[in-house]
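One structure is given below, encoded as structure tokens.
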Amino acid sequence: MGYVKSMKSRIGVLGGTFDPPHRAHLELAKAARQELNLNSVIFMPAGNPWRKKRGDLTSAELRYAMVNEAIRDLSWATSSRVEIDKSGPTYTFETLEMLQAEHPGAGLWFIIGGDSLADMSNWVQPEKIIASARLAIADRQSTGIVPDAKLLGLVPNISEKLDFVPMRPLATTSTHLRGRLQSGVNPLDEADLPSGVAEFILHKRVYFSD
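When we follow this note's numbering, the leftmost residue of the sequence shown carries the number 645, and every step to the right adds one.
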């Protein structure tokens with residue numbers, strides 16, 4: 645409790661490729677903000693994720709622009725170029741350490757899905773991630789998500805750093821939306837795309853094959 649009282653502000657960090665950003669991303673950010681009383685949420689487009697092939701991603705500048713379109717009406721949301729401006733592979737623990745330095749005294753919550761918690765033992769230096777931020781975990785099924793044994797071995801006190809964010813199940817994924825857009829579906833007809841993102845995709849012809 646002393647940890648919470650000492651915070652100057654409470655900041656959520658929602659990372660991802662955002663290729664494209666969609667309404668489920670916004671719903672997760674809104675749910676975390678409400679559940680955890682966050683002052684703001686930083687949307688962090690991935691730069692060169694070490695676990696993804698760079699050629700598989702839409703350009704960082706286009707993804708960053710789409711994020712800004714997605715959050716333009718959310719006064720509590722901001723975007724960050726920390727990862728897309730970094731040369732070489734990007735690692736979550738480094739990003740969070742940089743944000744800690746930028747926001748001294750603030751409490752950070754790294755917002756993730758339950759699937760990410762289950763896989764976190766395979767990330768680079770997960771113990772440093774958990775040292776830099778609490779984990780805000782989207783709990784879409786109220787099933788009591790728990791970390792795997794390997795992560796528990798790395799961070800025995802991890803349960804003290806977990807906060808669960810109740811959410812209704814959302815089927816939308818960027819992969820599904822991207823496939824539909826690449827097949828020729830008009831972005832303005834996609835209800836899961838924020839209007840600003842849909843208009844940007846149409847205007848800039850992102851995901852169009854011609």
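Glycine included, every Cβ here is placed at the ideal spot set by N, Cα and C.
Status (buried if at least 16 other CB within 10 Å, exposed otherwise) for residue i
{"i": "W720", "result": "exposed"}
{"i": "L752", "result": "buried"}
{"i": "H666", "result": "buried"}
{"i": "L832", "result": "exposed"}
{"i": "L732", "result": "It is Gly, not Leu, that sits at residue 732 in the sequence shown. So G732 counts as exposed."}
{"i": "E727", "result": "buried"}
{"i": "E834", "result": "buried"}
{"i": "F737", "result": "buried"}
{"i": "G656", "result": "buried"}
{"i": "G659", "result": "buried"}
{"i": "F687", "result": "buried"}
{"i": "D892", "result": "Any question about residue 892 goes unanswered here, given that the chain covers just 645 to 854."}
{"i": "K649", "result": "Residue placement at K649 cannot be trusted, given a pLDDT of 44 that sits under 50; the coordinates are not used to answer."}
{"i": "F852", "result": "exposed"}
{"i": "D729", "result": "exposed"}
{"i": "P770", "result": "buried"}
For residue j and residue i, believed in contact at Cβ under 8 Å, the rounded distance
{"i": "V829", "j": "A714", "result": "Contact doesn't hold; Cβ gap of about 18 Å is too wide."}
{"i": "A668", "j": "L761", "result": "With a Cβ gap of about 17 Å, A668 and L761 do not count as contacting."}
{"i": "I755", "j": "A673", "result": "7 Å"}
{"i": "S765", "j": "T661", "result": "Not a contact, Cβ separation roughly 21 Å."}
{"i": "A780", "j": "A676", "result": "5 Å"}
First through last residue of the alpha helix (DSSP H) which encompasses residue i
{"i": "I845", "result": "S839 to K848"}
{"i": "G863", "result": "Residue 863 lies beyond the stretch modelled for the chain, which goes from 645 to 854, so this question has no answer here."}
{"i": "S703", "result": "Taken as a continuous stretch (DSSP letters only), S703 belongs to no alpha helix (DSSP H), as it is neither H nor E."}
{"i": "A793", "result": "A793 to L798"}
{"i": "T819", "result": "S818 to Q826"}
Identified DSSP bridge partners for residue i
{"i": "L672", "result": "According to DSSP, L672 bridges with nothing at all."}
{"i": "M688", "result": "G659"}
{"i": "R654", "result": "G751"}
{"i": "I802", "result": "None, per the DSSP bridge assignment."}
{"i": "A815", "result": "Paired residue(s): none; A815 is not in a bridge."}
{"i": "A782", "result": "G757 and V809"}
{"i": "P693", "result": "T734"}
N- and C-terminal bounds of the beta strand (DSSP E) containing residue i
{"i": "A775", "result": "Segment P770 to S776 is the alpha helix (DSSP H) holding A775; no beta strand (DSSP E) there."}
{"i": "L806", "result": "L806 to P810"}
The ligand MN heavy atom lying under 7 Å from the CB of residue i
{"i": "Y851", "result": "Of the ligands one can find in the structure shown there are none, so the ligand MN has no counterpart to examine."}
task = Could you tell me which uninterrupted beta strand (DSSP E) segments, each at least 3 residues in length, are contained entirely in the region 708-764, listed from first to last along the chain?
result = 721-723 and 751-757
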